[in-house]
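Reading through the C-alpha coordinates given below for one structure.
In my numbering, the protein residues as written are 55 to 342.
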(Lines of atoms letter the chains of each structure in order from A; the text may use other names.)
(Lines give C-alpha, C1' and ligand atoms only; values in the text may rest on other atoms or scores of the structure.)
Protein backbone atom coordinates (compact mmCIF):
# COMPACT_ATOMS: atom_id res chain seq x y z
CA UNK A 55 0.00 0.00 0.00
CA UNK A 56 1.37 3.40 -0.97
CA UNK A 57 1.39 6.09 1.68
CA UNK A 58 1.28 9.76 0.73
CA UNK A 59 4.24 11.66 2.14
CA UNK A 60 4.49 15.43 2.17
CA UNK A 61 7.63 16.26 0.21
CA UNK A 62 8.12 19.53 2.06
CA UNK A 63 11.07 18.97 4.36
CA UNK A 64 10.34 19.53 8.02
CA UNK A 65 12.43 22.44 9.22
CA UNK A 66 15.13 21.75 11.79
CA UNK A 67 14.74 23.57 15.09
CA UNK A 68 17.12 26.07 16.65
CA UNK A 69 16.77 27.98 19.93
CA UNK A 70 18.07 31.54 20.40
CA UNK A 71 18.56 33.20 23.78
CA UNK A 72 18.80 36.98 23.55
CA UNK A 73 19.17 39.81 26.01
CA UNK A 74 21.44 42.53 27.34
CA UNK A 75 24.67 41.76 29.12
CA UNK A 76 24.23 40.60 32.71
CA UNK A 77 20.70 39.21 32.39
CA UNK A 78 21.53 35.53 32.87
CA UNK A 79 21.62 34.31 29.26
CA UNK A 80 24.49 31.87 29.85
CA UNK A 81 22.79 30.38 32.90
CA UNK A 82 19.52 29.93 31.03
CA UNK A 83 21.26 28.33 28.06
CA UNK A 84 22.91 25.72 30.29
CA UNK A 85 19.63 25.07 32.13
CA UNK A 86 17.83 24.46 28.84
CA UNK A 87 20.67 22.39 27.44
CA UNK A 88 20.64 20.06 30.46
CA UNK A 89 16.86 19.61 30.21
CA UNK A 90 16.67 19.06 26.43
CA UNK A 91 20.04 17.49 25.53
CA UNK A 92 21.25 20.72 23.97
CA UNK A 93 24.62 22.06 22.94
CA UNK A 94 25.47 25.75 22.92
CA UNK A 95 26.85 28.03 20.21
CA UNK A 96 28.20 31.31 21.55
CA UNK A 97 27.12 34.43 19.66
CA UNK A 98 28.95 37.03 21.74
CA UNK A 99 31.43 38.74 19.42
CA UNK A 100 34.09 39.19 22.13
CA UNK A 101 33.72 35.78 23.77
CA UNK A 102 34.54 34.04 20.48
CA UNK A 103 38.19 35.04 21.01
CA UNK A 104 40.77 33.18 23.06
CA UNK A 105 41.88 34.80 26.30
CA UNK A 106 40.66 37.61 28.58
CA UNK A 107 38.15 35.29 30.27
CA UNK A 108 37.51 37.76 33.10
CA UNK A 109 37.22 40.84 30.88
CA UNK A 110 34.83 39.18 28.40
CA UNK A 111 32.97 37.44 31.24
CA UNK A 112 33.14 33.97 29.68
CA UNK A 113 31.17 31.21 31.34
CA UNK A 114 33.45 29.11 33.56
CA UNK A 115 34.14 25.39 33.26
CA UNK A 116 32.04 24.74 36.38
CA UNK A 117 29.13 26.85 35.12
CA UNK A 118 29.05 24.88 31.85
CA UNK A 119 27.92 21.79 33.85
CA UNK A 120 29.42 19.53 31.20
CA UNK A 121 27.43 21.08 28.35
CA UNK A 122 29.45 21.39 25.16
CA UNK A 123 30.03 24.96 23.95
CA UNK A 124 31.08 26.06 20.45
CA UNK A 125 32.68 29.32 19.30
CA UNK A 126 33.68 30.11 22.87
CA UNK A 127 37.33 31.11 23.05
CA UNK A 128 38.11 29.52 19.67
CA UNK A 129 39.32 32.48 17.59
CA UNK A 130 42.83 33.98 17.72
CA UNK A 131 42.77 37.29 19.67
CA UNK A 132 44.08 39.47 16.84
CA UNK A 133 41.86 37.96 14.13
CA UNK A 134 39.16 39.98 12.42
CA UNK A 135 36.22 37.62 12.94
CA UNK A 136 33.35 39.06 10.89
CA UNK A 137 29.60 38.52 11.04
CA UNK A 138 29.93 36.44 7.86
CA UNK A 139 32.58 34.29 9.56
CA UNK A 140 30.22 33.77 12.46
CA UNK A 141 27.33 32.75 10.22
CA UNK A 142 29.38 30.24 8.24
CA UNK A 143 30.82 28.67 11.38
CA UNK A 144 27.50 28.69 13.25
CA UNK A 145 25.73 26.79 10.46
CA UNK A 146 28.47 24.14 10.48
CA UNK A 147 28.03 23.71 14.23
CA UNK A 148 24.21 23.72 14.03
CA UNK A 149 24.33 20.84 11.56
CA UNK A 150 26.91 19.00 13.66
CA UNK A 151 24.70 19.30 16.75
CA UNK A 152 21.57 18.21 14.88
CA UNK A 153 23.35 15.17 13.43
CA UNK A 154 24.05 14.02 16.99
CA UNK A 155 20.30 14.37 17.67
CA UNK A 156 20.81 17.24 20.07
CA UNK A 157 19.29 20.72 20.25
CA UNK A 158 21.31 23.74 19.00
CA UNK A 159 21.06 26.69 21.43
CA UNK A 160 22.57 29.97 20.22
CA UNK A 161 23.23 32.45 23.01
CA UNK A 162 24.93 35.82 23.27
CA UNK A 163 24.46 39.56 23.35
CA UNK A 164 25.69 40.35 19.82
CA UNK A 165 22.39 40.78 18.00
CA UNK A 166 24.15 41.77 14.78
CA UNK A 167 25.46 38.20 14.59
CA UNK A 168 22.08 36.54 14.93
CA UNK A 169 20.30 39.06 12.70
CA UNK A 170 22.79 38.34 9.91
CA UNK A 171 22.41 34.60 10.42
CA UNK A 172 18.61 34.61 10.39
CA UNK A 173 17.85 37.39 7.90
CA UNK A 174 20.57 37.25 5.25
CA UNK A 175 19.14 35.26 2.29
CA UNK A 176 22.62 33.99 1.43
CA UNK A 177 22.46 31.60 4.40
CA UNK A 178 18.84 30.49 3.73
CA UNK A 179 18.31 30.16 7.47
CA UNK A 180 14.56 30.76 7.46
CA UNK A 181 14.15 28.19 4.69
CA UNK A 182 16.07 25.49 6.57
CA UNK A 183 15.34 26.16 10.23
CA UNK A 184 12.49 26.92 12.59
CA UNK A 185 13.54 29.36 15.33
CA UNK A 186 12.47 29.85 18.92
CA UNK A 187 13.57 33.26 20.24
CA UNK A 188 13.72 33.87 24.00
CA UNK A 189 14.48 37.37 25.30
CA UNK A 190 15.48 37.50 28.95
CA UNK A 191 15.01 41.07 30.15
CA UNK A 192 15.79 42.99 33.35
CA UNK A 193 14.56 46.50 34.23
CA UNK A 194 17.34 48.93 33.37
CA UNK A 195 17.98 50.44 36.82
CA UNK A 196 18.26 46.98 38.39
CA UNK A 197 20.50 45.79 35.55
CA UNK A 198 22.74 48.86 35.75
CA UNK A 199 23.34 48.23 39.44
CA UNK A 200 24.03 44.58 38.70
CA UNK A 201 26.62 45.29 35.98
CA UNK A 202 28.32 47.95 38.13
CA UNK A 203 28.76 45.31 40.83
CA UNK A 204 29.99 42.85 38.22
CA UNK A 205 32.67 45.28 36.99
CA UNK A 206 33.87 45.73 40.58
CA UNK A 207 34.05 41.94 40.93
CA UNK A 208 36.01 41.68 37.67
CA UNK A 209 38.53 44.24 38.95
CA UNK A 210 38.95 42.25 42.17
CA UNK A 211 39.37 39.07 40.13
CA UNK A 212 42.32 40.54 38.22
CA UNK A 213 40.92 42.50 35.26
CA UNK A 214 43.79 45.03 35.34
CA UNK A 215 46.47 42.33 35.34
CA UNK A 216 44.85 40.48 32.44
CA UNK A 217 44.61 43.63 30.32
CA UNK A 218 48.20 44.54 31.25
CA UNK A 219 49.36 41.21 29.80
CA UNK A 220 48.12 42.15 26.32
CA UNK A 221 48.83 45.88 26.58
CA UNK A 222 50.74 47.34 23.65
CA UNK A 223 51.32 51.09 23.32
CA UNK A 224 49.47 52.45 20.27
CA UNK A 225 47.45 49.24 20.00
CA UNK A 226 44.58 49.11 17.49
CA UNK A 227 41.42 48.99 19.60
CA UNK A 228 39.19 48.46 16.58
CA UNK A 229 40.26 44.86 15.89
CA UNK A 230 39.99 41.51 17.60
CA UNK A 231 39.67 41.06 21.33
CA UNK A 232 41.03 44.55 22.04
CA UNK A 233 37.57 45.89 21.17
CA UNK A 234 36.26 44.36 24.40
CA UNK A 235 34.89 46.78 26.94
CA UNK A 236 37.54 46.85 29.65
CA UNK A 237 40.55 46.95 27.32
CA UNK A 238 40.66 50.43 25.69
CA UNK A 239 39.41 52.00 28.94
CA UNK A 240 42.57 50.81 30.70
CA UNK A 241 44.93 52.34 28.13
CA UNK A 242 45.57 55.64 29.95
CA UNK A 243 46.15 53.95 33.31
CA UNK A 244 48.56 51.36 31.90
CA UNK A 245 50.56 54.12 30.24
CA UNK A 246 50.60 56.19 33.43
CA UNK A 247 51.65 53.38 35.75
CA UNK A 248 54.97 53.06 33.91
CA UNK A 249 55.64 56.76 34.40
CA UNK A 250 58.23 56.96 37.17
CA UNK A 251 57.48 60.64 37.65
CA UNK A 252 53.79 60.05 38.30
CA UNK A 253 52.61 59.97 41.93
CA UNK A 254 50.60 57.10 43.35
CA UNK A 255 47.57 59.23 44.13
CA UNK A 256 47.34 60.42 40.54
CA UNK A 257 47.63 56.86 39.24
CA UNK A 258 44.91 55.75 41.66
CA UNK A 259 42.58 58.47 40.38
CA UNK A 260 43.22 57.48 36.77
CA UNK A 261 42.48 53.84 37.64
CA UNK A 262 39.16 54.79 39.23
CA UNK A 263 38.33 56.89 36.18
CA UNK A 264 39.10 53.90 33.94
CA UNK A 265 36.82 51.65 35.99
CA UNK A 266 34.06 54.26 35.82
CA UNK A 267 34.47 54.35 32.03
CA UNK A 268 34.06 50.57 31.87
CA UNK A 269 30.80 50.84 33.83
CA UNK A 270 29.55 53.72 31.67
CA UNK A 271 30.38 51.96 28.41
CA UNK A 272 28.75 48.76 29.62
CA UNK A 273 25.56 50.72 30.31
CA UNK A 274 25.73 52.17 26.81
CA UNK A 275 26.17 48.65 25.43
CA UNK A 276 23.03 47.56 27.28
CA UNK A 277 21.04 50.40 25.68
CA UNK A 278 22.30 49.42 22.22
CA UNK A 279 21.52 45.75 22.79
CA UNK A 280 17.95 46.52 23.90
CA UNK A 281 17.40 48.89 20.96
CA UNK A 282 18.46 46.17 18.53
CA UNK A 283 16.16 43.58 20.08
CA UNK A 284 13.23 46.00 19.89
CA UNK A 285 14.05 46.66 16.23
CA UNK A 286 14.15 42.94 15.43
CA UNK A 287 10.68 42.63 16.93
CA UNK A 288 9.15 45.74 15.37
CA UNK A 289 10.86 45.81 11.95
CA UNK A 290 11.78 42.19 11.29
CA UNK A 291 8.62 40.88 12.97
CA UNK A 292 10.47 38.28 15.03
CA UNK A 293 8.14 36.38 17.36
CA UNK A 294 10.01 36.59 20.65
CA UNK A 295 9.14 35.08 24.02
CA UNK A 296 9.77 37.95 26.44
CA UNK A 297 10.78 36.90 29.95
CA UNK A 298 11.01 39.73 32.48
CA UNK A 299 13.53 38.61 35.09
CA UNK A 300 13.78 41.83 37.12
CA UNK A 301 12.47 40.32 40.35
CA UNK A 302 15.17 37.65 40.28
CA UNK A 303 17.93 40.23 40.61
CA UNK A 304 16.44 42.59 43.17
CA UNK A 305 18.53 42.96 46.32
CA UNK A 306 15.92 41.35 48.57
CA UNK A 307 16.03 38.20 46.41
CA UNK A 308 19.56 37.15 47.36
CA UNK A 309 18.50 34.42 49.81
CA UNK A 310 15.95 32.71 47.54
CA UNK A 311 17.68 33.37 44.23
CA UNK A 312 17.41 29.77 43.00
CA UNK A 313 13.67 29.58 43.68
CA UNK A 314 13.05 32.97 42.05
CA UNK A 315 15.09 31.98 38.98
CA UNK A 316 13.23 28.69 38.63
CA UNK A 317 9.76 30.22 38.96
CA UNK A 318 10.23 33.47 37.06
CA UNK A 319 12.67 32.47 34.30
CA UNK A 320 13.35 28.76 33.94
CA UNK A 321 9.90 27.21 34.19
CA UNK A 322 8.24 29.49 31.60
CA UNK A 323 11.20 28.88 29.25
CA UNK A 324 10.97 25.13 29.73
CA UNK A 325 7.30 25.34 28.76
CA UNK A 326 8.06 27.40 25.61
CA UNK A 327 10.83 25.08 24.49
CA UNK A 328 8.92 21.89 25.23
CA UNK A 329 6.06 23.04 22.99
CA UNK A 330 8.54 24.16 20.33
CA UNK A 331 10.36 20.82 20.23
CA UNK A 332 7.41 18.51 20.83
CA UNK A 333 6.79 17.43 17.24
CA UNK A 334 10.41 17.23 16.15
CA UNK A 335 11.33 13.61 15.43
CA UNK A 336 14.89 14.46 14.31
CA UNK A 337 16.18 14.87 17.84
CA UNK A 338 16.11 12.82 20.99
CA UNK A 339 14.66 14.77 23.90
CA UNK A 340 14.51 13.67 27.49
CA UNK A 341 11.64 15.63 28.98
CA UNK A 342 12.06 16.10 32.73
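In this text, a Cβ means the ideal position worked out from N, Cα and C, and glycines have one as well. These numbers were taken from a predicted model, which means no experiment stands behind them.
In chain order, 229, 230 place their CB closer than 8 Å to the CB of residue 134, counting only its own chain and leaving out the 5 sequence neighbours on each side. For the pair residue 92 and residue 258, the Cα-to-Cα distance works out to about 46 Å.
In chain order, 93, 94, 121, 159 place their CB closer than 7 Å to the CB of residue 87, counting only its own chain and leaving out the 5 sequence neighbours on each side.
From the listed residues 96, 243, 173, the smallest Cα separation to residue 267 is found for 243. Residue 286 counts as buried, since at least 16 other C-beta atoms from the protein chains shown sit within 10 angstroms of its C-beta.
By the 16-neighbour rule on beta-carbons within 10 angstroms, residue 293 is exposed. The DSSP assignment places 165-173, 179-182 as complete runs of the alpha helix (DSSP H) inside the segment 165-204, in order along the chain (cut-off: 4 residues). Contact between residue 117 and residue 84 holds: their C-beta atoms lie close to 7 Å from each other, under 8 Å.
Rounded to the nearest angstrom, the Cβ distance from residue 130 to residue 104 is 6 Å, consistent with a contact under 8 Å. Separation of the CB atoms of residue 157 and residue 125 is rounded to 16 Å, and the pair is thereby denied contact status at 8 Å. Cβ atoms of residue 186 and residue 90 stay farther apart than 8 Å, at about 11 Å. Around the CB of residue 176, fewer than 16 other CB atoms lie within 10 Å, so the residue is classed as exposed. Closest in alpha carbon position to residue 152, among 67, 198, 222, is 67. Only buried fits residue 232, as 16 or more other CB atoms lie within 10 angstroms of its CB. Contact between residue 99 and residue 164 holds: CB atoms are separated by about 4 Å, below the 8 Å threshold.
Around the beta carbon of residue 82, 16 or more other beta carbons sit within 10 angstroms, so the residue counts as buried. Scanning its chain for C-beta atoms nearer than 7 Å, with the 5 sequence neighbours on each side dropped, one finds around residue 211 the residues 108, in chain order. Residue environment analysis places residue 289 among the exposed positions, since fewer than 16 neighbouring C-beta atoms fall within 10 angstroms of its C-beta.
In the assembly as shown, residue 208 is a buried residue. Its beta-carbon has 16 or more other beta-carbons within 10 Å. The beta carbon of residue 136 is closer than 6 Å to none in its chain, skipping five residues each way along the sequence.
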